[in-house]
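**Q** After the structure tokens below, expect a handful of questions from me.
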Amino acid sequence: MTRLERLLPVLAALSGTTLRLWRAKAPGGRLLPVGGGLGEGREEPLWTPTPNGGGKLDTPDGPAWFQAIPSVNDTWLEVKGGEAAAAELAEVIGAVMEAEEETGQVAAELSGRYEEIDLIYTISEILGHTIRLDEAANRILREVSAVVRARRATLLVHDPRAHVLRLVAARGVDLGEIEPIEVDDPRSVAARVFREMRIISYDPHDQRAQKPPNPIERGYRGHAFLSVPVVYASPGRVPTPIGVINLTDRTGEDAFTAGDRKLVAAIANQIGAAIENARLVERDLGQQRVRRELELAHDLQLKLLPSPAVVAAKADVAARCRPAESVGGDFYNLLSLHGDRVGVMIGDVSSHGFGAALIMALAMAASGIHAETAESPHEALRRLETSLAEELAETEMFLTLCYAVADPASGTLTYANAGHPHAFLVSTEDGTVKRLEATRPPLGLGDGGQERVEKFERGKAILCLFTDGLADARGPSGERFGEQRVLSHVVNLRGRPARHILEAVFTDIAAFTGGAAANDDRTVVLLKF
Numbered sequence: 002m003t004r005l006e007r008l009l010p011v012l013a014a015l016s017g018t019t020l021r022l023w024r025a026k027a028p029g030g031r032l033l034p035v036g037g038g039l040g041e042g043r044e045e046p047l048w049t050p051t052p053n054g055g056g057k058l059d060t061p062d063g064p065a066w067f068q069a070i071p072s073v074n075d076t077w078l079e080v081k082g083g084e085a086a087a088a089e090l091a092e093v094i095g096a097v098m099e100a101e102e103e104t105g106q107v108a109a110e111l112s113g114r115y116e117e118i119d120l121i122y123t124i125s126e127i128l129g130h131t132i133r134l135d136e137a138a139n140r141i142l143r144e145v146s147a148v149v150r151a152r153r154a155t156l157l158v159h160d161p162r163a164h165v166l167r168l169v170a171a172r173g174v175d176l177g178e179i180e181p182i183e184v185d186d187p188r189s190v191a192a193r194v195f196r197e198m199r200i201i202s203y204d205p206h207d208q209r210a211q212k213p214p215n216p217i218e219r220g221y222r223g224h225a226f227l228s229v230p231v232v233y234a235s236p237g238r239v240p241t242p243i244g245v246i247n248l249t250d251r252t253g254e255d256a257f258t259a260g261d262r263k264l265v266a267a268i269a270n271q272i273g274a275a276i277e278n279a280r281l282v283e284r285d286l287g288q289q290r291v292r293r294e295l296e297l298a299h300d301l302q303l304k305l306l307p308s309p310a311v312v313a314a315k316a317d318v319a320a321r322c323r324p325a326e327s328v329g330g331d332f333y334n335l336l337s338l339h340g341d342r343v344g345v346m347i348g349d350v351s352s353h354g355f356g357a358a359l360i361m362a363l364a365m366a367a368s369g370i371h372a373e374t375a376e377s378p379h380e381a382l383r384r385l386e387t388s389l390a391e392e393l394a395e396t397e398m399f400l401t402l403c404y405a406v407a408d409p410a411s412g413t414l415t416y417a418n419a420g421h422p423h424a425f426l427v428s429t430e431d432g433t434v435k436r437l438e439a440t441r442p443p444l445g446l447g448d449g450g451q452e453r454v455e456k457f458e459r460g461k462a463i464l465c466l467f468t469d470g471l472a473d474a475r476g477p478s479g480e481r482f483g484e485q486r487v488l489s490h491v492v493n494l495r496g497r498p499a500r501h502i503l504e505a506v507f508t509d510i511a512a513f514t515g516g517a518a519a520n521d522d523r524t525v526v527l528l529k530f
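Each residue of the sequence shown is one higher than the one before, counting from 2 in the working numbering.
Laid out in structure tokens, this is it:
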């Protein structure tokens, strides 16, 4: 029993009708039943219908509606009990008959053409052993053309930057003859195949086939052609068009068969995978170079930051900077000034990435010079802003920065704060926390301001500076880490060495965020004096 004979009773049951299929057969073009429908088929029916264009006819079993099957010559569907659905049922049956006919044709062609199976293995071997894609493409076109007997063949690959199809391999065509094809070109068959990701072919012997426009102007010497999309479909993703294979000027019969279409489509999928793999390899090599450059930039940036050993003889210091990306815009500086004085600076550029890293590097280079030569923290910030004015204006960034000078001999902390929100003085005696308020706008947003002085007892104070990458860090449910959580570690561990406090802060934030990647740079500087 054929698929169609199995389908008829199913369609009849779903539609609540009685169905029978009739087809004209020799001699005399009589209509004979195809299978039995819901009734019993007879080899020599006593009555055969003469539809004459279709419609309602009287049959020995009563009135019935006869509907021509679209796209199938001399075939009729007899419907009893539901003529309203006759056209839809006929379309379904016509599609099944066409599919069965094409499947049978493909099976017959493939079974008689062993060279096509060999071709698939050959293509696989070429793609498996050839590194250069252009070389593989030319060999593939040569093999494909020989099997489907096409004198002319081209392989076009999509250039996403220019949004055109470029010729990468050809047979029977000079590579210089074909200009790149705009993907949106409404006249190009290849562009249409690429856009719609479907095969377009033309057989001049098929009366139902639509003739392509201006075949002579397109350079075809023959009439038939076959244009197949090269598509890459990775598992679980939407198929992506990669290019187009065009074949024409067939030797012998001027028509490409259904077997040709299936074969070239299968090979096109292999080529699509090979092209995408080649692109991925090239992209991966490029990404490896970029990653290596970022690693070098990251290492270089961290080397710009001073070691706590710079002021270890004068105070207990711990500092750490963790860029959100390979490079970032946070920085700190530690300065051993005249006498027992220690200078501590922290800055946060209003972005992160390479642009912020550039400002950070310039600020690091200039801050040490100005801090050494300026008479006060306020003057140091004014000079630093002058040095960075052009770069801040061009990049449209600004810089929050706090610079404090601790003088244990006089028990004073003199500071200038350019809009940096997270700067605190913590008493180790009773855990009192005092915020070091802003004394001027951020660098790049205006000048003016002043400096302030705070008193402290030697050995009883901690200067705590950090950036908003810590305070604004989010947990899995979206809550902020907050500055109070940072300060609680400083207060609770104020009797411990600075590095212990620092480790506690970073351990806590890693647990709080679940180890998720940071979306902003995180920097902490602790100075016990």
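Think of the CB as a built atom: it goes at the ideal place given N, C-alpha and C, for glycine as much as any other residue.
Quick one: what's got a C-beta closer than 8 Å to serine 202's C-beta in the same chain, skipping five residues either side?
**A** Only Ala225, Phe226, Leu227, Ser228, Phe257 and Arg262 meet the Cβ criterion.
**Q** Is leucine 206 buried or exposed, if buried means 16 or more other CB atoms sit within 10 Å of its CB?
**A** What sits at residue 206 in the sequence shown is histidine, not leucine. Exposed is the call here.
**Q** Output the boundary residues of the alpha helix (DSSP H) element that contains proline 10.
**A** Where proline 10 is concerned, the enclosing alpha helix (DSSP H) stretches over 4–16.
**Q** Would you identify the three-state DSSP class for glutamine 106, choosing helix, strand or coil?
**A** The answer is helix: DSSP assigns glutamine 106 an H, G or I state.
**Q** List the endpoints of the continuous beta strand (DSSP E) containing methionine 346.
**A** 343–350 is the span of the beta strand (DSSP E), which, as asked, contains methionine 346.
**Q** According to DSSP, is arginine 238 helix, strand or coil?
**A** Looking at arginine 238 - three-state DSSP - the assignment turns out to be coil, as it is neither helix nor strand.
**Q** Which residues does DSSP pair with glutamate 183 in a beta bridge?
**A** BP columns for glutamate 183 point to Val165.
**Q** Three-state secondary structure (DSSP) at threonine 524?
**A** Threonine 524 falls in the strand class under three-state DSSP.
**Q** Let me confirm a value: aspartate 250 is counted as buried when at least 16 other C-beta atoms fall within 10 Å, else exposed. Which label applies?
**A** Flag for aspartate 250 reads buried.
**Q** From the DSSP output, in three-state form, read off proline 50 for me.
**A** Of the three classes helix, strand and coil, the one that applies to proline 50 here is coil, per DSSP.
**Q** Between the alpha carbons of alanine 310 and isoleucine 243, how many angstroms are there, rounded?
**A** Cα to Cα, alanine 310 sits roughly 57 Å from isoleucine 243.
**Q** Name the two residues that bound the continuous beta strand (DSSP E) containing glutamate 391.
**A** Glutamate 391 -> not in any beta strand (DSSP E); alpha helix (DSSP H) instead, spanning 378–396.
**Q** Could you check whether the region 329–344 touches the region 357–367, counting it as contact only if at least three pairs of C-beta atoms, one from each stretch, sit closer than 8 Å?
**A** The answer is yes - the region 357–367 touches the region 329–344, with three or more Cβ pairs under 8 Å.
**Q** Leucine 359 lies in the alpha helix (DSSP H); which residues open and close that run?
**A** Its alpha helix (DSSP H) spans residues 355–374.
**Q** Does DSSP put arginine 323 in a helix, in a strand, or in coil?
**A** If DSSP states are grouped into helix, strand and coil, arginine 323 belongs with the strands.
**Q** Return the bridge partner residues of isoleucine 246 from the DSSP annotation.
**A** Paired residues: Leu156 and Val229.
**Q** Nearest by alpha-carbon distance to phenylalanine 399: which of Arg497, Asp59, Arg475 and Gly447 is it?
**A** The shortest C-alpha separation from phenylalanine 399 is found at Gly447.
**Q** For histidine 159 and valine 165, what's the separation of their Cα atoms in angstroms?
**A** Distance between the alpha carbons of histidine 159 and valine 165: 6 Å.
**Q** Any idea if serine 146 is buried or exposed, counting beta-carbon neighbours within 10 angstroms, 16 or more meaning buried?
**A** Buried is the call here.
**Q** Pick out the complete alpha helix (DSSP H) segments inside the region 435–499, 4 residues or longer, and give them in chain order.
**A** Qualifying alpha helix (DSSP H) stretches, in chain order: 469–472 and 484–493.
**Q** Is it buried or exposed, leucine 418, if we count other Cβ atoms within 10 angstroms and call 16 or more buried?
**A** A quick correction: the sequence has asparagine, not leucine, at residue 418. Label assigned to asparagine 418: buried.
**Q** Using only CA atoms, which one of Ala259, Arg238, Asn520 and Asn270 lies nearest to valine 245?
**A** Measuring from the Cα of valine 245, the nearest candidate turns out to be Asn270.
**Q** Can you confirm whether the region 381–401 touches the region 437–455 when touching is taken to mean that 3 or more C-beta pairs between the two stretches lie within less than 8 Å?
**A** Enough Cβ pairs lie closer than 8 Å, so yes.
**Q** Out of curiosity, what's the CA-to-CA distance linking valine 148 and glutamate 101?
**A** If I take the Cα positions, the gap works out to 25 Å.
**Q** Thinking C-alpha only, which one of Asp75, Lys529 and Ile70 is nearest isoleucine 94?
**A** Checked all of Asp75, Lys529 and Ile70; the closest Cα to isoleucine 94 is Ile70.
**Q** Could you check where the alpha helix (DSSP H) with valine 174 kicks off and where it finishes?
**A** No alpha helix (DSSP H) holds valine 174; DSSP gives it neither H nor E.
**Q** How about leucine 338 and alanine 372: are their beta carbons less than 9 Å apart?
**A** The answer is yes: Cβ separation under 9 Å.
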